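Working notes for the structure below.
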Amino acid sequence: MNPRWLAGKVAAALVTLVFVVVFNFFLFRVMGDPTTQLARLPRATPEEIQKLKSYYGLDKPITGQFLDYAGDTATLDLGISQRTRRSVWDEIKDAIPWTLLLVGTGTLLATLIGAWLGVIAATRRGKAADDGLLGFSLFTYASPEYWIGIILILLFAVWLPIFPSGQQMTPGEDFSSWFAQAADVAEHLVLPATAMTLMLLGQYFLIMRSSMVDVLTEDFITVKRAIGLPWDRVVRRHAVPNALLPLVTLSAIQFGIVAGGAVTIETIFSWPGLGELTYDAINDKDFPVLQGTFLVFSVAVILANLIADCLYFVLDPRVQAT
Amino acid sequence: MTDQRVRDLLFDTWRGRIGLGMLGLFVFLAVFGSAIAPDNPTASSLDVLAAPSADHWLGTTENGEDVFSQLLVGARVSIVVGFAAAAISALLGATVGLIGGYFGGWTDRGLDALENWFLVIPTLPLMIVLARLLEPSLGVLIAVIGLTSWAGTGRIVRAQVLTLRERAFVERARALGASDSYIIRTHILPNTMPLIFANTVLIVAVAILSEAALAFLGLGDPTRISWGTMLENAFSSGAPSAGAWWYVIPPGLCITLLVLSVSILGYLFEEYVNPRLREQPA
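From first to last, the protein sequence lines stand for chains A and B. Going by the numbering used here, the first sequence opens with residue 542, and the numbers climb by one from there. Going by the numbering used here, the second sequence opens with residue 63, and the numbers climb by one from there.
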């Protein structure tokens, strides 16, 4: 990999990150007046409020406050949750694995199924299967993912009670083995992961379909057919690997949408990740937690974009030539 | 884009007819929904979470309110927020794209960095933060959604202006001594208008979904009924586990159909503006 190119990409990501930190500071300290957060103590005397202000460093000049904030953020000191009185970073640290599990499963399934359906549609262009899949993907794109989640609960947790409708494992259960616990989590994962998959599937399908349509009209495909290779083999061995490329970048670019989906889907299924943490923070006006989850979501998207750039560079020789 | 071509596109293609028909129905509801609603949508009764009946076509809510009436009244927020936020987004995106693309240099670099930043930041979390810091109201929702969704439009407009700037008719105008504002008004803007329009129609769909999501998360205008707040109330009152399908399915279906109609029209205009998007027949 070209080291100068990589250094440029990393520098750009770092600049974006610095902007996020500055933006976060201004958003919560300047636009959202921090004294409203202190107003949680309705009977506090002016002296007590003054004491709290100096405790939080709010009596310092704004540049000093920013330097404090930037230093704290760099050392992962994101403040104290007003709801639980725990450190925000501890709350976030507990939530990250659950979000990764949900988002990872959803993205993986959406990529695989989307690619598969995309190949089916592209090789049957204009036929009923293609039209049906296009209509389905347009519908899932247009429908709110949390509504799909509620319908899944109705169908598979209420009417046909085969899956649990919420939480990450059976509460109060004493698991006999590691395996039993994993199985219980997997069972709880089915519905939220399905909602996440359905939310992303349409995009993956459409990208794979149009990418396949493009590849199938290229000369090398015609040549492979002309030398007498069977059609199935041309599709599987030659067209699909070439058409998969745009899907790689999509998984990363989608990350911003995934972050939004994590908030609503985790809310629906009481899944204890960053999204539910955000939802609780919205309802309790727990600004330190809201600020923390926004920071983590932003960092995740910036990282995902950087990784996608690198992957594209490695996978597509045409980019390296330029 | 000539009027005749647009008319053909809307009335003589099946996609145009379906999109326009569905959108027309929802716009009608947005205007007359509260007038034709059979019941007062906020009148509670003892009929709590009742299944559909002759009295309540789509059953009742957890407070015994008429779901069908709420559904009719709720169209207004989606339509108003969707179109108003998209208008703000179009204005911002077009201005930034035009100025950056036309003047180039450091102006362009600065604006481009700003666009990139807005494209990278996860939109829904950003909207959540902004909406939570301000007190939720219709105006706040419109502003928050408009301010966070313009970057894509800016990017597309900028690219178009970059090519227009080098075209012969623009160079000719410049050689004849035309001012920048004259060139932008008479040559650049009219040639980017169709693109801005097609893109804005697609932004309407995004804005409607964003309003619904924010309302669902409890950040909607608390004084108005919208499909998002209906879903929020249904969810937090436990309607899904009570099996009250009449309460949870209709609002989401309305959001889906409205977004679908706007998207169909948006794609239609986009293909018209950018023929390369049109697929060659198999």
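The beta-carbon is built from N, C-alpha and C at its ideal position, and this holds for glycine as well. None of these values were measured; they are calculated from a predicted model.
- Unbroken alpha helix (DSSP H) stretches of 4 residues or longer found wholly inside the segment 777–812 of chain A: 781–784, 786–794 and 796–809, given in chain order.
- Around residue 246 (chain B), the same chain offers 160 and 164 as residues with beta carbons nearer than 7 angstroms, after the five sequence neighbours per side are excluded.
- When C-beta distances to chain A are compared with 9 angstroms, the residues of the segment 160–189 of chain B below that value are 175, 178, 179, 181, 182, 183, 184, 185, 186, 187, 188 and 189, in chain order.
- Judged by beta-carbon spacing, residue 567 (chain A) lies beyond the 8 angstroms limit of residue 187 (chain B), meaning their Cβ atoms are not closer than that value.
- Cα atoms of residue 619 (chain A) and residue 591 (chain A): separation of roughly 22 angstroms, rounded to the nearest angstrom.
- Contact between the segment 695–704 of chain A and the segment 753–770 of chain A is absent, with fewer than three C-beta pairs closer than 8 angstroms.
- The alpha-carbon of residue 84 (chain B) is positioned some 10 angstroms away from that of residue 326 (chain B).
- Sequence-ordered contacts of the segment 274–306 of chain B with chain A read 274, 275, 278, 279, 280, 281, 293, 297, 302, 303 and 305 [C-beta pairs closer than 7 angstroms].
- A direct Cα-Cα distance of roughly 24 angstroms separates residue 563 (chain A) from residue 151 (chain B).
- By the rule that beta-carbons nearer than 8 angstroms mark a contact, residue 594 (chain A) does not touch chain B.
- Its Cα nearest to that of residue 180 (chain B), the residue B:155 stands out among B:76, B:155, B:204 and B:68.
- Under a criterion of Cβ atoms nearer than 8 angstroms, the residues of chain B adjacent to residue 800 (chain A) are, in order, 184, 186 and 187.
- For residue 833 (chain A), the closest C-alpha among the options A:623, A:546 and A:554 is that of A:623.
- Cβ-Cβ distances below 6 angstroms link residue 711 (chain A) to 725 in the same chain, with the five nearest sequence neighbours on each side left out; the list follows chain order.
- Between residue 831 (chain A) and the set B:283, B:182, B:195 and B:96, the nearest pair of CA atoms involves B:195.
- Around the beta carbon of residue 763 (chain A), fewer than 16 other beta carbons sit within 10 angstroms, so the residue counts as exposed.
- By the C-beta density criterion, residue 310 (chain B) is buried, having at least 16 other C-beta atoms within 10 angstroms.
- Secondary structure note for residue 163 (chain B): its alpha helix (DSSP H) is the uninterrupted segment 129–165.
- Inter-residue distance for residue 237 (chain B) and residue 331 (chain B) is about 34 angstroms (C-alpha atoms, whole angstroms).
- In the DSSP annotation of this structure, the continuous segment of the alpha helix (DSSP H) that includes residue 755 (chain A) starts and ends at 719–757.
- Chain B places no beta carbon closer than 8 angstroms to that of residue 611 (chain A), leaving this residue out of the contacts.
- Within the segment 230–269 of chain B, the complete alpha helix (DSSP H) segments at least 4 residues long are 230–237 and 242–245, listed from N- to C-terminus.
- Exclusion of the five residues before and after residue 317 (chain B) leaves 140, 270, 271, 274, 289 and 290 as the residues of its chain whose Cβ lies within less than 8 angstroms of its Cβ.
- For residue 293 (chain B) against residue 313 (chain B), the beta-carbon gap comes to about 5 angstroms, under 8 angstroms, which counts as contact.
- By DSSP's assignment, residue 122 (chain B) forms a beta bridge with B:128.
- Between the segment 209–218 of chain B and the segment 165–179 of chain B, the count of Cβ pairs shorter than 8 angstroms is three or higher; the stretches touch.
- Contact of residue 317 (chain B) with chain A is assigned, a C-beta pair being separated by under 8 angstroms.
- In the DSSP assignment, residue 217 (chain B) falls within the unbroken alpha helix (DSSP H) covering 213–227.
- Distance check between residue 817 (chain A) and each of A:639, A:684 and A:588 places A:639 closest, using alpha-carbon atoms only.
- Straight-line measurement puts the Cα of residue 846 (chain A) at about 30 angstroms from the Cα of residue 776 (chain A).
- Annotation: the continuous alpha helix (DSSP H) that includes residue 638 (chain A) extends over 629–664.
- Under the three-state reduction of DSSP, residue 621 (chain A) is assigned to strand.
- Residues of chain A whose Cβ lies closer than 7 angstroms to the Cβ of residue 191 (chain B) are, in chain order, 568, 831 and 835.
- The segment 242–262 of chain B makes no contact with the segment 783–791 of chain A; the number of CB pairs closer than 8 angstroms stays below 3.
- Listed along chain A, the residues sitting closer than 9 angstroms to residue 325 (chain B) by beta-carbon distance are 679, 682 and 683.
- For the pair residue 630 (chain A) and residue 854 (chain A), the CB atoms are not nearer than the 8 angstroms cut-off.
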